[in-house]
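The structure under discussion appears below in the form of structure tokens.
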Amino acid sequence: MTTTTDLRPTGPAPRDGGGRWHPVCSYDDLIPERGVCALVQGVQVAIFRTFGGELYALSNLDPFSGAHVISRGILGTRGGVPTVASPMYKEVFDLRTGACLDDPQVALPTFPIRRDPATGRVEVALTHEDRQ
Numbered sequence: 001m002t003t004t005t006d007l008r009p010t011g012p013a014p015r016d017g018g019g020r021w022h023p024v025c026s027y028d029d030l031i032p033e034r035g036v037c038a039l040v041q042g043v044q045v046a047i048f049r050t051f052g053g054e055l056y057a058l059s060n061l062d063p064f065s066g067a068h069v070i071s072r073g074i075l076g077t078r079g080g081v082p083t084v085a086s087p088m089y090k091e092v093f094d095l096r097t098g099a100c101l102d103d104p105q106v107a108l109p110t111f112p113i114r115r116d117p118a119t120g121r122v123e124v125a126l127t128h129e130d131r132q
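Per UniProt numbering, the sequence shown starts with residue 1, numbered consecutively.
Listed below in structure tokens is the structure:
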């Protein structure tokens, strides 16, 4: 198991319009290559930590089945792209962008995620648009 000491956000900083960082859990609580779901301001967020220590946050709602199951998906790679496969119908999504690699018309919302430099806790950012 590899951990990282890189404390920079893996997504963009919260956008203007009310975005802020929300603490979710301890970095060490995340098991590499296994997802968890966090309820952040009423939004279900699927959070993943890779073996390399990277953090990703996407919507937990599978757009194909309508079920909140993405956090239960299987992590992998396709052509060097880090991915998660939905446990329902096995569509594969890019962890970095949320784009569905099986259907380019579909994408999951992604959220900025970081490991807080002061506390080491994992934080996710939402904006007013994400909460609607």
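Each residue gets a CB set at the ideal place from its N, CA and C atoms; glycine is no exception.
As the structure is a computational prediction, the values presented were derived from the model and not from experiment.
Between the stretch 113-124 and the stretch 20-31 there are three or more C-beta pairs closer than 8 Å, enough to call the two in contact. Per DSSP, the beta-bridge partners of L61 are H68. Proximity of the stretch 55-68 to the stretch 106-114 meets the contact definition, three or more beta-carbon pairs being nearer than 8 Å. DSSP places G35 inside the beta strand (DSSP E), whose first and last residues are 35-40.
DSSP places D94 in the strand class (E or B) of the three-state scheme.
DSSP places G52 in no beta strand (DSSP E); its state is neither H nor E. D103 counts as exposed, since fewer than 16 other C-beta atoms from the protein chains shown sit within 10 angstroms of its C-beta. Distance from the CA of L30 to the CA of Y56, rounded to the nearest whole angstrom, comes to 11 Å. Annotation: the continuous beta strand (DSSP E) that includes S26 extends over 20-26. Within its own chain, the residues whose Cβ lies closer than 6 Å to the Cβ of V81, once the five positions on either side in sequence are excluded, are D94, listed in chain order.
Note on T83: 16 or more other CB atoms within 10 angstroms of its CB, so buried under the neighbour-count rule.
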